[in-house]
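Novice: Those protein sequence lines, which keep their order, are chains A and B.
Going letter by letter, the first sequence gives residues 1 to 641 in the numbering used here.
Going letter by letter, the second sequence gives residues 1001 to 1366 in the numbering used here.
Every residue gets a Cβ at the ideal spot worked out from N, C-alpha and C, and that includes glycine.
Keep in mind the model is a prediction, meaning the values are calculated, not measured.
Pasting in a structure now, in structure tokens, and then I'll have a few things to ask.
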Amino acid sequence: MSVRNTSAGGGDRVGGGEPTEDLLVEENQSSCMSLSSLMTASSVAGSSMSTEMPRKRKGSMDNQDSRSASIPDVDMEDDQNGSDGDDQHVKMKCIREPHSQIEKRRRDKMNHLIDKLSAMIPTCNPLSRKLDKLTVLRMAVQHLKSLKGSSSSFSEAHYKPSFIPNEELKHLVIKAADGFLFVVGCDRGKIVFVSESVMKILNYSRAELIGQSLFDYIHPKDMGKVKEQLSASELYPRERLIDAKTGLQVQADLPVGGARLCSGARRSFFCRMKYNKISVKVEEKEFQASSSKKKESQKYCTVHCTGYMRSWPTSQLGAEGEGEAEKQDSSHFSCLVAVGRVHSHSSPQVNGEVKVKSTEFTTRYTMDGKFTFVDQRATTILGYLPQELLGTSCYEYFHQDDLPHLADRHRKVLRSKEKIETNCYKFKTKYGSFVTLQSQWFGFVNPWTKEVEYIVSTNTVIAQASRSGNKSEQSSNSKTSEEDGKKSLPIIPGISTTPGSMIYAGSIGTQIANELLDFNRMNSSPSSGNVSPFSLPLDKSPQIYNQTSNNVPNGEATDVEMPGKSSSEDEPQGAAFSGGETLMAHLSSGENSQLDLDSVVGPGLSSLSNDEAAMAVIMSLLETDTNLSDAVDFEEMHWSL
Amino acid sequence: MTADKERRRAISREAAKKRRQVESDVFGDLSRLLPVQPSVQANLDKPSIIRLTISYIRMHTLFKVNTGTNAETSHGASKYGRPLGKGEEPQVCDGGWGHAEKEETNMYLSILDGFLMVLSTGGDVIYLSDNVNKYMGLTQTELMGHNIFDFAHPCDLEEIRNNLRLMAEDVWSDAKRDFVMRIKSGLTNRGRSSHLKTATWKVLHCRGRLNVCASPSSASCLLLTCRPLPLSHTLLSTHTFTSQHSMDMRFTYCDQRVTLLLGYSPEELLGRSIYDLCHMLDTNCLTQNHLNLCWKSQSVSSQYRMLVRGGGYVWVESHSAVIPSVRPSKSRRSSHQPLSILCVTYVLSGVEEPSLQLSVDQTVNR
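Printed below as a string of structure tokens:
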């Protein structure tokens, strides 16, 4: 029996500076280091100490001294096993550090721990001089004794000693989970038990809820869903499993039958639950019980319920036992034991909403400036319903004077990763008047493809300074806007105005977008010119507007379907994933590319099983750029293609 | 070597032995004071003993500080530092449920399908509930006292650091935390294994809050329930649908149920990006989800709105994972799998604002 083999894997063995411990220690350290070599290189130095998992050795406590007789034996064994172990662990061969280094590290770590410990102990702290190890340990013993003395938890024999008392653990769990435990009978949904934390979440006391029907507190539209979850009948939908390895659905029949529910069957669903609004007014407090009940019916919060079905033999229930009607059969009471958690986003608001007229709304444009999404708040500001704006170009609404600067911003936002602020500009409302807005634009970049997919605009209304001045402005504006269609627009740099072509406001946007496409096309290197199956053309407009391609400054014959790949010049940080895309393209196009992952990622990866390998591959690929803005060019790596 | 030197050597060896003996005894005393199982206790090595002692003291400080705030919400007596028998209600008064407290706690943890983790602001794992063994393959005593930065994925360190810090928004949002991180796990599909080559990363969905203490500031900690994200999903409700996406989040497949829930036919959705189908204000949520998927391979989104065909939107939540998009076969090397994203989306609400068409994707017929 080898001591070494009883422990699994690397770990720090207790061993002081005993020379006889050398071999043992070294081997342990070497397996420690293998663990750390599996992690990134940067953490090797510190991690070989810190990645240790305290592996036990039998009687490891006193191995240094009292067993001095046995130690050599142990060591001999280990020595022999070491050579055997070497065969086993030959793959984990690593540099053998000088023994002194290992020992030093061990001592340092121990000292570090002792320091930490002394910081924790109140009696150690006031003493400014650093205490020696033994004293600190002794004081720790004293301290623990004093802590233990005030609590009786460890003397309770029938409890399995846990690190912290259950009461406290419960508090912690509740605090972390932010949920409440509840048990409802399956038959009628009667709330049999609810934990006190429900008060914090739904603002109902336990007393109010116990004995009530759960359905009284659920949004009417969700009742069907909840009934289904509680139901034990044969009509219950079969459990469907999605196997992540294959993405396929696997039907699995629940063994439902007879009167007994399958114990341990999990349930998970969302439902809207009523919560009791906190009444602020003093006079309402008196009537809280009744009046708030009426008010609260409008307020719901989304609760995520997860739990499992349990079948209690009724003999256990005693006083709390349900009436005959609740039982499924004469001996069992079926119920759902679940935890309800509220998601932070749908937490109930304390006070009623005060409707303030919005001064802000968001919109989304395609690359060429057409509205694809309009926030409903826009209606109160602009007068248009979202559907009226969708599909139209934003340039149709911009005031003529603002077109040059907005066009310039548009160009900028397509090329930059930052948010671009516009100056104040005028936007035509439905009624013909103009409202002054100021917007923040940025190009939304798909996290995977790193390409700009659309432009997001946050628009804020800027209050008008003087009303009267505005009116006269508006009237003159409306006049000029009528003339817009007839006369040509002011010179906007880059937008060509060749005679014979009607310049509509809308075409400004498309021209700007086309500019970008051409620019990218020109700058994209041949090797990245492969069309990835994943990136479809950004929007269909280039197809349509390329008929007016003679307007495009470069005058290049346009190849429509080319997706706008990020040029390596503009967006170096895109290289990482674009390279990845190319990789994918190779893979999915079935080319016989031998990816020598082992040489890139590290030996031994190929021995992982399929799903682990998939994950490991992803991890490794993405690990190489810990920061997405690092320019990692995958093509530099030696894929043998 | 002279006899004199020999003798001196022997004396110093004896002295050293004695010192070590004394030290070991103290360690022994300390270990016996720790609230761990005797079998575990006997096998602890010295650094572990110190680590666990530090944890124990820290937890105690935490509770002492928090008993004040817990007083109004708990009716059980805190066993730390508070004298009992002040007329306080007994610990179990839940109407005859017997060992309710313990049951309740165990229930919480098993229902949440995870374990509790308490981290100090410096990242030290002060406490882990003992069921961590079931999920991570490593026991409570092995992990406690170490620093999380030592066994979390290097790419996630920054995110963990951010979550440990107090942010401005925490003032009114209750310092809630919800993030995904990867931890080294000793579990493999063959059961617990410590073979280093098969040590895997486990993706944990962590939710909780930052508990801030002004003084002592050492009592500030991050409380988390950590749930390993499953690789296979059990669909238990009809208000869900599954979909598959390419890595840029465009649909490559969608389940028929989406028609009932959102009004689109599966064919209509193919090739469309999920970003186009969702409310713009939720883009951040989607982006975070997408990034988690790209970096960590699994994610749970927070709630966001998906636009319903013809108008309106529903609130949804998605649980997703990156999977190989082709059935892995023996003939191909596993490293060649192209990847895709598998999503299970729960629809949380009914259709809101059905007459409102916010996006061109709701209106356009493809």
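Buried or exposed for aspartate 559 of chain A, please, with buried defined as at least 16 other CB atoms from any protein chain shown within 10 angstroms of its CB.
Specialist: In this predicted model, aspartate 559 of chain A has a pLDDT of only 36, less than 50, meaning its place in the structure is not dependable; the value taken from the coordinates is given anyway. Taking all protein chains in view, the Cβ of aspartate 559 of chain A is surrounded by fewer than 16 other Cβ atoms within 10 Å, so the residue is classified as exposed.
Novice: Mind listing, in chain order, the continuous alpha helix (DSSP H) runs of no fewer than 4 residues lying wholly within the region 1247-1317 of chain B?
Specialist: As far as the region 1247-1317 of chain B is concerned, its whole alpha helix (DSSP H) runs of at least 4 residues are 1257-1262, 1266-1269, 1274-1277 and 1283-1296.
Novice: Could you please give me the residues that DSSP links to valine 1118 of chain B through a beta bridge?
Specialist: B:Tyr1127 and B:Leu1223
Novice: How would you label aspartate 368 of chain A, buried or exposed, when you count the other beta carbons within 10 angstroms and need 16 or more for buried?
Specialist: buried
Novice: With a CB to CB cut of under 7 Å and the five nearest residues on each side skipped, what residues in its chain are close to leucine 1223 of chain B?
Specialist: Val1118, Gly1208, Arg1209 and Asn1211
Novice: Between arginine 1008 of chain B and chain A, is the shortest Cβ-Cβ distance under 8 Å, so that the two count as touching?
Specialist: no
Novice: Just to make sure I have the definition right: I need the residues of chain B whose C-beta is within less than 7 Å of the C-beta of alanine 176 of chain A. Which are they?
Specialist: Leu1116, Gly1208, Arg1209, Leu1223, Leu1224 and Thr1225
Novice: If I'm right that proline 643 of chain A touches glutamine 400 of chain A with Cβ under 8 Å, what's the distance once you round it to whole angstroms?
Specialist: One cannot answer for residue 643 of chain A here, as it falls past the ends of chain A, which runs 1 to 641.
Novice: Any contact between the region 1148-1158 of chain B and the region 177-196 of chain A? By contact I mean 3 or more CB pairs, one from each, below 8 Å.
Specialist: Segments in contact, no.
Novice: Arginine 1007 of chain B to leucine 131 of chain A, Cα distance in whole Å?
Specialist: 31 Å
Novice: Reducing DSSP to helix, strand and coil, say where proline 220 of chain A ends up.
Specialist: helix
Novice: How would you list, in chain order, the residues of chain A whose beta-carbon sits under 8 Å from the beta-carbon of isoleucine 1111 of chain B?
Specialist: Leu181, Thr306, Gly307, Tyr308, Val337, Ala338 and Val339
Novice: Can you tell me where the alpha helix (DSSP H) holding glutamate 995 of chain B begins and where it ends?
Specialist: A query on residue 995 of chain B cannot be resolved here, the shown segment of chain B reaching from 1001 to 1366 and no further.
Novice: Across which residues does DSSP place isoleucine 102 of chain A in a beta bridge pair?
Specialist: In DSSP, isoleucine 102 of chain A forms no bridge with anything.
Novice: Please identify, using Cβ separations under 9 Å, the residues of the region 1049-1064 of chain B that lie next to chain A, in order along the chain.
Specialist: Ile1049, Ile1050, Arg1051, Leu1052, Thr1053, Ile1054, Ser1055, Tyr1056, Ile1057, Arg1058, Met1059, His1060, Thr1061, Leu1062 and Phe1063
Novice: Excluding sequence positions up to five away, which residues of its chain have a Cβ less than 7 Å from the Cβ of lysine 412 of chain A?
Specialist: If you ignore the 5 residues before and after lysine 412 of chain A, its C-beta comes within less than 7 Å of the C-beta of Ile420, all in its own chain and listed in chain order.
Novice: Shortest alpha-carbon distance to proline 1338 of chain B belongs to which of B:Thr1345, B:Pro1324, B:Val1347 and B:Ser1120?
Specialist: Taking proline 1338 of chain B as reference, the option from B:Thr1345, B:Pro1324, B:Val1347 and B:Ser1120 with the minimal CA-CA separation is B:Pro1324.
Novice: Tell me which residue opens and which closes the beta strand (DSSP E) that glutamine 1357 of chain B is part of.
Specialist: Element bounds for glutamine 1357 of chain B: n/a, residue is neither H nor E.
Novice: Looking at the unbroken alpha helix (DSSP H) that takes in asparagine 1133 of chain B, where does it start and where does it end?
Specialist: 1132-1136
Novice: Under 8 Å between the Cβ atoms of valine 1316 of chain B and methionine 1306 of chain B?
Specialist: yes
Novice: With a CB to CB cut of under 8 Å and the five nearest residues on each side skipped, what residues in its chain are close to tyrosine 1346 of chain B?
Specialist: Ser1237, His1239, Thr1240, Val1316, Glu1317, Ser1318 and His1319
Novice: Show which residues of chain B have a CB atom less than 8 Å away from the CB atom of threonine 380 of chain A.
Specialist: Per Cβ cutoff of 8 Å: no residues; threonine 380 of chain A is ~13 Å from chain B at best.
Novice: Quick one: using the 10 Å Cβ neighbour count with 16 as the cut-off for buried, is lysine 104 of chain A buried or exposed?
Specialist: Around the CB of lysine 104 of chain A, fewer than 16 other CB atoms lie within 10 Å, so the residue is classed as exposed.
Novice: Does chain D have any CB closer than 8 Å to the CB of methionine 120 of chain A?
Specialist: No chain D appears in the structure shown, which is made up of the protein chains A and B.
Novice: From the DSSP output, which residues share a beta bridge with aspartate 986 of chain B?
Specialist: The requested residue 986 of chain B does not occur in the structure, where chain B is confined to residues 1001 to 1366.
Novice: For serine 439 of chain A and tyrosine 395 of chain A, I'd like the C-alpha separation in whole angstroms.
Specialist: 14 Å
Novice: Going by DSSP, which residues form a beta bridge with methionine 309 of chain A?
Specialist: A:Leu336
Novice: Among the residues of its own chain, which have a CB less than 6 Å from the CB of serine 1185 of chain B, if the five just before and after it don't count?
Specialist: Met1136, Gly1137, Thr1200 and Lys1202
Novice: My guess is that tyrosine 454 of chain A and threonine 372 of chain A are in contact by the Cβ rule of under 8 Å, so how many angstroms apart are they, rounded?
Specialist: Right, the Cβ-Cβ distance comes to about 6 Å (below 8 Å), so this counts as a contact.
Novice: What residues in its chain sit with their C-beta under 7 Å from that of arginine 1309 of chain B, if we drop five residues either side in the sequence?
Specialist: Leu1262, Gly1263, Tyr1264 and Gln1362
Novice: Give the single residue among A:Phe180, A:Gly185 and A:Lys274 whose Cα lies nearest to the Cα of proline 220 of chain A.
Specialist: A:Lys274
Novice: Could you tell me the boundaries of the alpha helix (DSSP H) in which glutamine 387 of chain A lies?
Specialist: Counting along the chain, the alpha helix (DSSP H) containing glutamine 387 of chain A begins and ends at 386-389.
Novice: Going by DSSP, what residues sit across from glutamate 1352 of chain B in a beta bridge?
Specialist: B:Tyr1313
Novice: What separation, rounded to the nearest whole angstrom, lies between the Cα atoms of serine 1031 of chain B and threonine 1141 of chain B?
Specialist: About 12 Å.
Novice: Where does asparagine 459 of chain A sit, in a helix, a strand or coil, going by DSSP?
Specialist: strand
Novice: DSSP three-state call for asparagine 203 of chain A: helix, strand or coil?
Specialist: In the three-state reduction of the DSSP assignment, asparagine 203 of chain A falls in the coil class.
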